[in-house]
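S.K.: In my numbering, the protein residues as written are 14 to 633.
#1: Do you know how far the Cα of residue 170 is from the Cα of residue 200?
#2: Using a 10 Å radius around the Cβ and a threshold of 16 neighbouring Cβ atoms, would you call residue 519 buried or exposed?
#3: Just mark residue 160 as buried or exposed, buried being the case when its beta carbon has 16 or more other beta carbons within 10 Å.
#4: Check residue 63 in the structure and name its three-state DSSP category.
#5: Would you say the beta carbon of residue 548 comes nearer than 7 Å to a heavy atom of the ligand ADP?
#6: Under a three-way DSSP split, which group does residue 16 fall into?
#7: Using a Cβ-Cβ cutoff of less than 6 Å, which residues in the same chain neighbour residue 269 once the five nearest sequence positions on both sides are dropped?
#8: Nearest to residue 453 by CA position, among 93, 102, 14, 32, is which residue?
#9: If you draw a straight line from the C-alpha of residue 47 to the C-alpha of residue 130, how long is it?
#10: Contact between the segment 455-466 and the segment 474-481: three or more CB pairs below 8 Å?
#11: Take residue 193 as the anchor and find which of 346, 140, 64, 455 has the nearest alpha-carbon.
#12: Would you call residue 394 buried or exposed, if buried means 16 or more other Cβ atoms sit within 10 Å of its Cβ?
#13: Would you tell me roughly how many angstroms separate the C-alpha atoms of residue 328 and residue 558, rounded to the nearest one?
#14: If I measure Cβ to Cβ from residue 472 and keep anything under 6 Å in the same chain, skipping five residues before and after, which residues do I get?
#15: If you drop the 5 nearest sequence neighbours on each side, which residues of the same chain put their C-beta closer than 8 Å to that of residue 619?
#16: Starting from the N-terminal side, write out each stretch of the beta strand (DSSP E) that is 3 residues or longer and does not extend beyond the segment 127-162.
#17: So is residue 380 buried or exposed if we call it buried at 16+ other beta carbons inside 10 Å?
#18: Could you pull the DSSP bridge partners for residue 44 from this structure?
#19: Which class does residue 217 belong to by DSSP, given the choice of helix, strand or coil?
#20: First and last residue of the alpha helix (DSSP H) that includes residue 456?
#21: Residue 522 and residue 511: beta carbons closer than 8 Å?
#22: Excluding the five sequence neighbours on either side, which residues of its own chain have a C-beta within less than 7 Å of the C-beta of residue 526, listed in chain order?
#23: Indicate the three-state DSSP secondary structure (helix, strand or coil) for residue 503 in the structure shown.
#24: When burial is assigned at 16 or more other CB atoms within 10 Å of the CB, is residue 312 buried or exposed?
#25: Might you give, ordered along the chain, the residues of its own chain that have their beta carbon closer than 6 Å to the beta carbon of residue 401, omitting 5 neighbours on each side?
#26: Near residue 295, what residues of its chain come up, given a Cβ to Cβ distance below 6 Å and the 5 sequence neighbours on each side ignored?
#27: What residue range does the beta strand (DSSP E) around residue 404 cover?
#28: With 16 as the cutoff for other CB atoms within 10 Å, does residue 42 come out buried or exposed?
#29: Between residue 611 and the rest of its own chain, which residues show a CB-CB distance below 6 Å, the 5 nearest in sequence each way excluded?
#30: From residue 112 to residue 316, what distance separates their C-alpha atoms?
#31: So residue 23 and residue 220 are in contact, right, with Cβ under 8 Å, and what is the actual spacing, rounded?
#32: Using only CA atoms, which one of 429, 196, 415, 470 lies nearest to residue 446?
#33: Residue 370 lies in the beta strand (DSSP E); which residues open and close that run?
#34: Just grab the DSSP bridge partners of residue 352 for me.
#35: What do you reckon, are the CB atoms on residue 615 and residue 582 nearer than 8 Å?
#36: Where do the ends of the alpha helix (DSSP H) carrying residue 543 lie?
See the structure below:
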């Protein structure tokens with residue numbers, strides 16, 4: 014009934030979809046197995062992509078040839094560039110999306126990808142022979158052979174849903190949990206644990222009074238996520254902001270005695286940076302109000318996502334508390350919020366390729382590794398799919414460094430430090446964030462991906478054109494000299510010091526309150542030379558000129574740090590022959606088995622002195 018596949022991907026969420034697309038586009042014959050063909054690429058939580066640091070990840074996925082950026086652009090209903098008031102290292106694109114259109118677009122793109130087959134069934138076990146993954150066993154009893162397996166099980170492994178005092182098995186609302194895989198992997202020597210996440214109620218938008226809320230429209234200029242020319246929407250849908258109050262908090266507290274979180278019925282640790290509303294009012298008792306984002310679910314639906322009101326309290330308490338929020342007095346609930354508890358595998362059990370250390374040709378991606386978030390899952394899926402293909406074809410793996418991508422930071426954090434709570438990406442986790450901007454993801458990554466055959470020729474051609482244009486713009490700004498009478502009027506309007514003699518345009522641009530777009534609008538000489546270039550090339554040129562000193566300093570730091578990153582530790586290295594190492598350091602090094610001295614230095618509990626000792630014993 015089934016041929017032998019190169020790669021089988023288990024689960025069709027954000028990680029599974031990217032894994033299947035990547036492996037297939039590289040030339041592998043792929044089978045995507047999902048428990049429900051109708052929920053491929055489901056946005057299980059909020060209908061949004063991107064945000065702080067997450068937006069950078071989506072742009073990196075796109076630059077590498079993944080699908081998330083294209084799908085997001087095709088299904089967006091609102092676009093915002095966050096943190097515009099800060100430096101470009103902090104700018105982060107974010108979209109609201111049409112939930113159903115997002116999933117439908119993903120499925121359509123996968124169905125149009127040659128080499129991807131689909132099968133609807135639960136995977137209950139793996140075929141493992143001689144320490145190697147060689148296929149899967151399904152709930153219907155089929156044994157399907159493959160050269161590699163990628164597990165992207167999300168919240169489905171022994172998932173339990175909690176609403177107040179009720180709990181039942183499930184991987185998502187109205188969907189059953191998956192069983193069998195955890196038990197098999199634990200019997201093979203893997204370590205597993207439990208985590209929790211939650212989701213807010215969905216409500217009827219027709220029952221809300223928006224006049225009592227603050228409108229939050231999208232940006233006028235929609236840059237989107239993909240570096241390819243994906244059409245952008247002609248109009249946008251607004252989101253809305255309202256707030257809880259002390260009366261809301263008091264009603265919520267009446268349900269604390271029935272809360273699964275406070276009653277100890279949930280063992281798993283929840284996401285620190287996306288706490289439930291009951292967690293917020295318990296931990297931050299001094300706060301009189303908490304922000305609520307009212308987010309539409311799509312173009313043609315009245316369903317609303319109540320962002321900021323994640324909860325597992327009883328339904329009656331959820332309803333009574335919601336009705337006290339301004340604008341929600343007559344609210345009708347479509348479905349209540351709930352918490353979900355699920356199995357994950359601490360990611361220190363993985364290599365940088367996301368292949369497991371215990372079983373070769375077995376890869377983990379997404380929430381199974383302890384992460385939270387669509388973007389974090391998608392980028393892991395992409396890398397696991399790439400490396401599963403590379404492994405089966407006996408090709409070199411693709412491993413991104415911390416200085417190359419947020420994706421590199423995420424994977425290195427996971428496998429070096431592990432996580433005991435759902436891991437979410439932040440700009441603060443990246444030590445080289447001036448280099449890892451959303452605007453230059455293509456410059457950083459498209460060439461790498463094109464070299465292995467994933468990023469298309471079209472992407473490479475567009476990158477070449479962009480880089481050529483940037484160099485031309487930078488040369489023009491260096492060569493063009495502006496006379497005082499051409500520029501002083503504009504400078505004075507900014508309360509900036511006028512010039513007394515002609516100056517290069519690039520020097521004017523270095524002033525903190527001067528932007529290139531405004532400079533072009535106010536100086537006809539510049540408009541004459543630069544109006545033919547697109548906004549993307551102009552913005553990139555301005556960033557490179559304005560922040561050149563900072564970018565160079567960070568590159569110098571990368572070069573210094575790379576000395577440690579280039580010192581590889583052999584797999585056979587014997588840590589017991591180093592008596593100077595403390596027991597804690599030895600234990601952690603043996604558990605993680607770092608690939609390089611750089612990775613060893615980032616393991617929690619490893620001191621600089623331990624790294625120095627290793628260097629001595631490695632003869633460095």
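Ideal Cβ placement from N, Cα and C applies to all residues, glycine included.
M.R.: On the basis of the supplied data:
#1: In the chain shown, counting from the first residue as 1, residue 200 sits at position 187. In the chain shown, counting from the first residue as 1, residue 170 sits at position 157. About 15 Å.
#2: Position 506 of the chain shown, counted from the start, is the residue given in the question as residue 519. Buried, because 16 or more other Cβ atoms sit within 10 Å of the Cβ of residue 519.
#3: Taking the chain shown and counting its residues from 1, one reaches residue 160 at position 147. Its Cβ being crowded by 16 or more others within 10 Å, residue 160 is buried.
#4: Sequence index remark: in the chain shown, residue 63 carries index 50 (1-based). Residue 63 falls in the strand class under three-state DSSP.
#5: For the structure depicted, the ligand ADP is absent and the ligand set is empty, with no information on it obtainable.
#6: Working through the chain shown from its first residue, we reach residue 16 at position 3. Residue 16: coil per DSSP, three-state reduction.
#7: For this step, residue 269 is matched to residue 256 along the chain shown. Cβ within range, chain order: 275.
#8: If you number the chain shown from 1, residue 453 lands on position 440. Comparing Cα positions, the closest option is 102.
#9: One-based indexing of the chain shown puts residue 47 at position 34. One-based indexing of the chain shown puts residue 130 at position 117. Residue 47 and residue 130: Cα-Cα distance of roughly 11 Å.
#10: yes
#11: Along the chain shown, one-based indexing puts residue 193 at 180. Answer by Cα proximity: 140.
#12: By one-based count along the chain shown, residue 394 stands at place 381. It counts as buried.
#13: For the purposes of this step, residue 328 is taken as the residue at position 315 of the chain shown. For the purposes of this step, residue 558 is taken as the residue at position 545 of the chain shown. One C-alpha to the other measures close to 55 Å.
#14: On the chain shown, position 459 is the one that residue 472 refers to. The residues are 459.
#15: The residue you call residue 619 lines up with position 606 of the chain shown. So the qualifying residues of the chain are 598, 601, 602, 613.
#16: 129-133, 136-142, 145-151
#17: If you number the chain shown from 1, residue 380 lands on position 367. With 16 or more Cβ atoms within 10 Å of its Cβ, residue 380 is classed as buried.
#18: Mapped onto the chain shown, residue 44 falls at position 31. BP columns for residue 44 point to 21, 130.
#19: For the purposes of this step, residue 217 is identified with residue 204 of the chain shown, where counting begins at 1. Strand at residue 217.
#20: Indexing the chain shown from 1 puts residue 456 at position 443. Where residue 456 is concerned, the enclosing alpha helix (DSSP H) stretches over 454-465.
#21: Sequence index remark: in the chain shown, residue 522 carries index 509 (1-based). Sequence index remark: in the chain shown, residue 511 carries index 498 (1-based). Not a contact, by the Cβ cut-off of 8 Å.
#22: As a working note, residue 526 is residue 513 in the chain shown. Closer than 7 Å at Cβ, skipping near neighbours: 507, 509.
#23: Numbered from 1 along the chain shown, position 490 holds the residue referred to as residue 503. Residue 503 falls in the helix class under three-state DSSP.
#24: In the chain shown, residue 312 corresponds to position 299, counting from 1. Under this definition residue 312 is an exposed residue.
#25: By 1-based counting over the chain shown, the position of residue 401 is 388. So the list reads 20, 36, 161, 163, 376, once near-sequence residues are dropped.
#26: If you number the chain shown from 1, residue 295 lands on position 282. No residues qualify anywhere along the chain.
#27: Your numbering for residue 404 matches position 391 in the chain shown. From DSSP, residue 404 is part of no beta strand (DSSP E) but of the alpha helix (DSSP H) over 387-405.
#28: Translated into positions along the chain shown, residue 42 becomes position 29. Residue 42 comes out buried.
#29: Here residue 611 refers to the residue found at position 598 when the chain shown is read from its first residue. Excluding residues within five positions, the ones whose Cβ falls inside 6 Å are 577, 578.
#30: Here residue 112 is taken as the residue at index 99 of the chain shown, counted from 1. Here residue 316 is taken as the residue at index 303 of the chain shown, counted from 1. One C-alpha to the other measures close to 10 Å.
#31: Stepping through the chain shown from its first residue, residue 23 is reached at position 10. Stepping through the chain shown from its first residue, residue 220 is reached at position 207. Rounded, the Cβ-Cβ distance is 40 Å, inconsistent with contact.
#32: Translated into the one-based positions of the chain shown, residue 446 becomes position 433. For the residues 429, 196, 415, 470, the minimum Cα distance to residue 446 belongs to 415.
#33: Your numbering for residue 370 matches position 357 in the chain shown. From DSSP, residue 370 is part of no beta strand (DSSP E); its letter is neither H nor E.
#34: Numbered from 1 along the chain shown, position 339 holds the residue referred to as residue 352. DSSP lists 175, 211 as partners of residue 352.
#35: As a position in the chain shown, residue 615 is number 602, starting the count at 1. As a position in the chain shown, residue 582 is number 569, starting the count at 1. In this structure, residue 582 does not lie closer than 8 Å to residue 615 by Cβ.
#36: Against the chain shown, residue 543 aligns to sequence position 530. Where residue 543 is concerned, the enclosing alpha helix (DSSP H) stretches over 537-543.
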